[in-house]
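Novice: Read top to bottom, the protein sequences are chains A and B. Residues in the first sequence are numbered from 0 upward in steps of one, following numbering that gives the first Met the number 0. Residues in the second sequence are numbered from 0 upward in steps of one, following numbering that gives the first Met the number 0. Glycine is no exception: its CB is placed at the ideal position from the N, C-alpha and C atoms.
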Amino acid sequence: MEENLLIQKLRELLARDFVHRKSIESDLYRSEEKYRMLIDQLTDAIYLSTLDGTFTGCNRALLEMLGYSYKELMQLSVSAIYAHPDDRRHLLQQLIDKGEVRDYEVQLKRKNGELIDCLVNSSVRRDQNHEIVGFQGIIRDITLRKKTFELQRAKDLAERANKFKAEFLANMSHEIRTPMNAIGGMLQLLNKTNLEPKQHEYLDGMQTAVDSLLQIINDILDFSKIEAGKMELDNRPFSLQQTVEAIISTIRFKAEEKGLELVLDMDPSIPPNLQGDPLRINQILLNLISNAIKFTPEGEVRVTIRLIDKLDHKARLFFSVKDTGIGIEQEKLQDIFESFTQASTDTTRLYGGTGLGLAIVKKLIDMLNGAIMVRSRKGQGSEFIFELELSQTDNVQPASQSEQEKDWSTVQDLQARFLMAEDHALNQLVTTEMLKGRFPSLQIDVAETGRQAISLFEDHNYDLVLMDVQMPEMDGHEAARYIRTHFPKPKSEVPILAFTAYATSGEAEKCLEAGMNDYISKPVRATQLISKIMQMLDASEQFSKEHFLHESKVQEHISFEYLNTVTEDDEELKLRMMRIMLDETPMELKSLEEAAAASQWDNLRAVAHKMKSTMQFLGLEDTLETVKFIEVSARERTHLEQIPEKVRSVVQVCTRALGALQEEIDRIK
Amino acid sequence: MDTTKKKRYRVFLVDDDTKHLVMLKNHLEKKSDYDLEINIFSSGEACLERIQENPDVVVLDYYLDGIRTDAANGLEILRKILRANPGQDVIMMSGQDNIKVAIDTIDNGAYDYIIKGESAYLRAQMIIDHIIRNKNLSRYLRDSRRKENILIGIVIFMFFLLLLVSLASRGIV
């Protein structure tokens with residue numbers, strides 16, 4: 000009985016213990032389960048390994064990361080998952096030395112051989128005796144993060160490169176334009192000299208080549224500007240009629256050269272006052288029309304413009320440029336608007352061009368919210384059609400257009416003194432020759448740097464300053480700003496014309512901001528330069544319009560009658576005399592000016608005295624009287640106030656006479 | 000005049016105006032009756048340095064400060080030339096049609112005074128030729144006077160010789 004009781008008690012106890020243990024076990028299990036789930040759900044991989052390099056445990060993340068099954072991994076040597084086995088050695092060394100390693104970057108190898116970038120945080124595991132038995136750690140896959148970082152860097156780099164590209168293009172444009180300006184200018188000057196017909200022909204060829212080279216540079220620049228989103232659209236009132244007629248008149252000769260008919264058919268109901276960017280519309284039409292002319296051997300090029308409808312001050316316009324040219328193959332029609340594409344590679348060989356023209360046209364029309372289409376059949380011609388929507392304006396377009404066209408051709412000569420700041424020697428020559436060719440009495444002083452320009456400007460009175468933007472020491476902007484701010488009125492208000500080689504639109508604003516009145520971009524055309532200068536002088540308050548010399552006022556001309564008489568037609572002696580005068584007179588003129596400017600009357604008398612013979616030899620009788628007047632005035636110290644004006648007129652007459660003298664020498668030779 | 004052509008006469012031209020120098024030199028070389036060796040100077044100072052060479056004629060411009068403002072004027076140079084070479088023939092030239100200047104230069108010993116102008120080269124050539132002819136004449140005169148003297152000497156000598164001979168033949172000596 001007692002035994003039974005004892006057994007029973009024992010059983011109870013055992014049972015209780017079992018239950019208890021059972022509950023502990025299940026608690027334990029639950030808790031382990033909880034942690035296991037937690038660990039398994041971690042995206043970071045967790046591992047346990049032994050000192051000798053086998054895995055003893057891991058979570059699911061590690062399996063997913065490496066692509067092995069649990070069983071496979073447990074049988075694998077730890078070093079097998081390292082892309083570079085050396086990495087494990089380094090890691091172990093550090094672990095043993097320090098007990099733990101943080102953020103160790105390592106490359107691991109997946110089962111399929113793929114490499115992944117990981118960050119390892121690991122620590123050592125020790126037994127009771129403090130001996131190292133293994134390691135545990137967390138591995139984080141940073142491949143994606145690294146990729147994003149690299150992408151970001153690549154993107155930054157690309158953006159920087161693009162910026163460099165834009166700058167490079169602007170610079171290249173400048174670097175090319177400066178010598179191109181010299182070449183173009185020289186060609187224009189050369190064309191004016193006495194040449195054989197054949198030589199004129201060659202020159203025309205060169206001029207055409209220069210023009211097309213410039214066109215290419217402009218195309219590339221425009222294209223990159225559009226690509227970079229830097230092309231800004233103007234929005235101002237303009238007359239479409241005038242714009243289109245201007246294009247037709249500039250390009251007509253090209254059509255006539257090829258014997259093509261260029262027809263303009265323009266809807267008279269198109270509103271006269273539209274608002275938009277006439278420059279871009281001009282560019283689009285010019286491109287399309289010159290393309291049409293280029294690819295049309297015979298027949299006609301027809302430009303049609305129609306008003307589609309008019310709604311709320313908005314006019315929708317239809318444009319068509321149709322030719323009877325070589326046409327485009329059907330399969331090429333799609334990518335005709337792509338950059339650097341032409342109808343065929345043969346086209347490039349036959350007709351030249353960069354293939355940028357139509358790409359620019361397409362992009363410009365896109366920018367203007369229009370749409371372009373092409374219809375073409377090989378051998379029968381092409382038609383480019385586009386639509387634009389332009390708003391109408393109540394503002395009457397400024398009448399300046401007609402004022403700009405003021406006729407300067409009656410002005411035969413210009414009694415003025417200009418300062419030219421330009422560092423490029425050839426361009427100095429080109430500009431000087433262009434201006435002197437037109438206005439023989441014009442005096443031009445040359446400065447090679449901005450600083451030189453300022454110091455010349457200080458010493459003399461100029462009627463106009465021609466300012467190259469790019470110069471060493473002090474650039475054109477700075478020099479212009481200096482003139483505007485550091486000199487008293489009215490000296491500081493001298494008209495300044497900027498010469499820029501940058502074709503970018505920002506350049507113009509920069510010039511105007513620096514206080515310059517107007518700008519002209521290289522390559523400079525003589526007609527354009529002269530009309531700008533005349534406009535500026537016309538608008539200048541200080542410049543007396545009496546210095547515009549019309550035919551009646553043209554100064555006396557050089558005459559060799561006296562020289563012929565005294566040399567008794569001895570050509571050799573005559574030539575010798577002319578050379579002496581050509582050599583010595585500039586120096587005498589300079590002394591004359593300097594003495595007058597410094598009020599050194601005795602010197603002035605001496606120089607004037609000496610110059611009399613030159614005037615006599617050159618048959619400049621009126622000027623001889625002027626020189627005599629200067630001599631007497633200087634000697635007697637009378638009429639001194641008239642001397643500067645008299646000196647100026649002597650200098651102008653003589654400068655011009657020297658030109659004629661040079662020509663005569665060349666002729667005799 | 001064939002005999003005189005063979006001799007070269009030296010002329011110094013002084014002017015600060017190269018054109019005048021060239022024209023005058025050319026004119027003189029072509030038109031003068033004599034064979035001239037012409038040296039040109041653009042300043043009085045340069046001419047003075049070589050005045051010891053005793054040119055036959057110096058043509059001197061009155062205004063010489065057209066190139067260098069501190070150059071001495073023609074009048075000063077004239078005085079210096081005459082101090083160095085008394086009796087030197089100097090022709091003054093100037094654009095000044097000022098009688099005072101002309102008298103001034105003549106008073107200071109210039110041979111003649113020419114006003115620059117269309118006929119100045121011709122005048123200069125005529126005066127130079129005139130000076131040379133005068134020189135030749137006076138030299139000729141001098142020479143011929145010497146020859147005359149010698150001749151007279153010979154005649155007197157012969158006379159005495161003859162006298163002596165005749166006296167001797169008469170048995171007087």
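For tyrosine 112 of chain B, which residues in chain A fall below 8 Å Cβ to Cβ?
Specialist: None at all; the shortest Cβ gap to chain A is about 17 Å.
Novice: Taking 7 Å as the limit between beta carbons, can you name the residues of its chain near isoleucine 175 of chain A, skipping five residues before and five after?
Specialist: For isoleucine 175 of chain A, where only same-chain residues beyond five positions count, the Cβ hits under 7 Å are Ile216.
Novice: Report the residues of the segment 556 to 568 of chain A with a CB closer than 7 Å to any CB of chain B, ordered along the chain.
Specialist: So the close ones are Val565.
Novice: List, in order along the chain, the chain B residues whose C-beta lies closer than 8 Å to that of alanine 605 of chain A?
Specialist: Those are Tyr62, Asp64, Gly65, Thr68, listed as they occur along chain B.
Novice: Are glycine 43 of chain B and tyrosine 61 of chain B touching if we call contact CB-CB under 8 Å?
Specialist: No. Outside cutoff.
Novice: Could you tell me whether the Cβ of isoleucine 667 of chain A comes closer than 8 Å to any Cβ of chain C?
Specialist: The structure shown has no chain C; the protein chains it does contain are A and B.
Novice: I want to verify the contact list: residues of chain A whose CB lies under 7 Å from the CB of isoleucine 25 of chain B, in sequence order.
Specialist: The residue asked about is misnamed: residue 25 of chain B is asparagine in this sequence, not isoleucine. In chain order: Leu572.
Novice: Where does the unbroken beta strand (DSSP E) through isoleucine 39 of chain B begin, and where does it stop?
Specialist: Here the beta strand (DSSP E) through isoleucine 39 of chain B covers 34 to 40.
Novice: Run the proximity test for aspartate 393 of chain A: is its beta-carbon closer than 7 Å to any non-hydrogen atom belonging to the ligand GDP?
Specialist: Annotation note on the ligand GDP: not contained in the displayed structure, which lists no ligands.
Novice: Would a check of beta-carbon distances place aspartate 16 of chain B closer than 8 Å to chain A?
Specialist: Aspartate 16 of chain B counts as touching chain A.
Novice: Nearest-angstrom Cα distance between phenylalanine 498 of chain A and leucine 259 of chain A?
Specialist: Taking the straight line joining both Cα atoms gives about 37 Å.
Novice: Would you kindly report the start and end of the unbroken alpha helix (DSSP H) that includes isoleucine 219 of chain A?
Specialist: Where isoleucine 219 of chain A is concerned, the enclosing alpha helix (DSSP H) stretches over 196 to 226.
Novice: In three-state DSSP terms, what is serine 137 of chain B?
Specialist: Helix, per DSSP.
Novice: Rounded to a whole number of angstroms, what is the C-alpha to C-alpha distance between glutamate 402 of chain A and glutamate 512 of chain A?
Specialist: For glutamate 402 of chain A, the predicted model reports a pLDDT of 43, less than 50, meaning its position is unreliable and no value from the coordinates is stated.
Novice: Please check if any C-beta of chain B sits within less than 8 Å of the C-beta of histidine 608 of chain A.
Specialist: Yes, histidine 608 of chain A lies at the interface with chain B (some Cβ there is under 8 Å from its Cβ).
Novice: Just checking my contact of methionine 466 of chain A with arginine 450 of chain A at CB under 8 Å: how many whole Å lie between their CB atoms?
Specialist: Their Cβ separation, rounded to whole angstroms, is 13 Å, which puts methionine 466 of chain A and arginine 450 of chain A out of contact at 8 Å.
Novice: Apply the 10 Å Cβ neighbour rule to isoleucine 95 of chain A and answer buried if 16 or more other Cβ atoms are within range, or exposed otherwise.
Specialist: That one is exposed.
Novice: For a minimum of 3 consecutive residues, which ranges assigned as the beta strand (DSSP E) are wholly contained in the segment 402 to 489 of chain A?
Specialist: You should have 410 to 413, 416 to 420, 442 to 446, 463 to 467.
Novice: On the CB-based measure, 16 or more other CB atoms within 10 Å of its CB, does leucine 660 of chain A come out buried or exposed?
Specialist: Buried is the call here.
Novice: Please go through the same chain and pick out, in chain order, the residues whose beta-carbon is closer than 7 Å to the beta-carbon of arginine 301 of chain A, but skip the five residues on each side of it.
Specialist: Closer than 7 Å at the Cβ level, and outside the excluded window around arginine 301 of chain A, lie Val262, Asp264, Lys321.
Novice: Have a look at leucine 536 of chain A and lysine 313 of chain A and give me their C-alpha separation to the nearest angstrom.
Specialist: Their Cα atoms are separated by approximately 40 Å.
Novice: Measure the beta-carbon distance from asparagine 120 of chain A to aspartate 102 of chain A and round it to whole angstroms, keeping in mind my assumption that it falls under 8 Å.
Specialist: The Cβ separation is near 7 Å, so the contact holds.
Novice: Would you please state the rounded distance, in angstroms, between the beta carbons of leucine 588 of chain A and valine 650 of chain A? I believe it to be under 8 Å.
Specialist: At roughly 5 Å, the Cβ-Cβ gap stays under 8 Å, so leucine 588 of chain A and valine 650 of chain A are in contact.
Novice: Is it a yes or a no for the segment 220 to 239 of chain A touching the segment 352 to 367 of chain A, going by three-plus beta-carbon pairs under 8 Å?
Specialist: Contact holds: three or more Cβ-Cβ distances are below 8 Å.
Novice: Thinking C-alpha only, which one of A:Met36, A:Ile495, A:Lys645 is nearest glycine 514 of chain A?
Specialist: It is A:Ile495 whose Cα lies nearest to the Cα of glycine 514 of chain A.
Novice: Short check: CB of serine 87 of chain A to CB of valine 100 of chain A, under 8 Å?
Specialist: The sequence given here has arginine at residue 87 of chain A, not serine. Not closer than 8 Å, so no.
Novice: Step through the CB atoms of chain B and report whether any lies within less than 8 Å of the CB of glutamate 635 of chain A.
Specialist: No, no contact with chain B.
Novice: If you reduce the DSSP assignment to three classes, tell me which class glycine 133 of chain A lands in.
Specialist: Here glycine 133 of chain A sits in strand by DSSP.
Novice: If you count every other CB in all the chains shown that lies within 10 Å of the CB of isoleucine 327 of chain A, and 16 or more means buried, which is it?
Specialist: With 16 or more other Cβ atoms within 10 Å, it is buried.
Novice: Can a CB atom of chain A be found closer than 8 Å to the CB of glycine 43 of chain B?
Specialist: So, not an interface residue.
Novice: Please decide whether isoleucine 629 of chain A counts as near chain B, where near means a Cβ-Cβ distance under 8 Å.
Specialist: Not closer than 8 Å to any Cβ of chain B, the Cβ of isoleucine 629 of chain A fails to qualify, so no.
Novice: Please list, in chain order, all residues of the same chain as leucine 441 of chain A whose beta carbon is under 7 Å from its beta carbon, the five residues on each side excluded.
Specialist: Taken in chain order, the residues that qualify are Leu413, Ala415, Phe417, Leu434, Lys435.
Novice: Going by alpha carbons, who is nearest to alanine 291 of chain A out of A:Leu316, A:Ile384, A:Glu457?
Specialist: The candidate whose alpha carbon is nearest that of alanine 291 of chain A is A:Ile384.
Novice: On the DSSP letters alone, give me the boundaries of the alpha helix (DSSP H) that glycine 356 of chain A sits inside.
Specialist: That run of the alpha helix (DSSP H) goes 356 to 366.
Novice: Looking at chain A, is there any beta carbon in it that lies within less than 8 Å of the beta carbon of valine 21 of chain B?
Specialist: So, interface residue.
Novice: Is there a Cβ from chain B that is less than 8 Å from the Cβ of asparagine 602 of chain A?
Specialist: Cβ-Cβ to chain B under 8 Å: yes for asparagine 602 of chain A.
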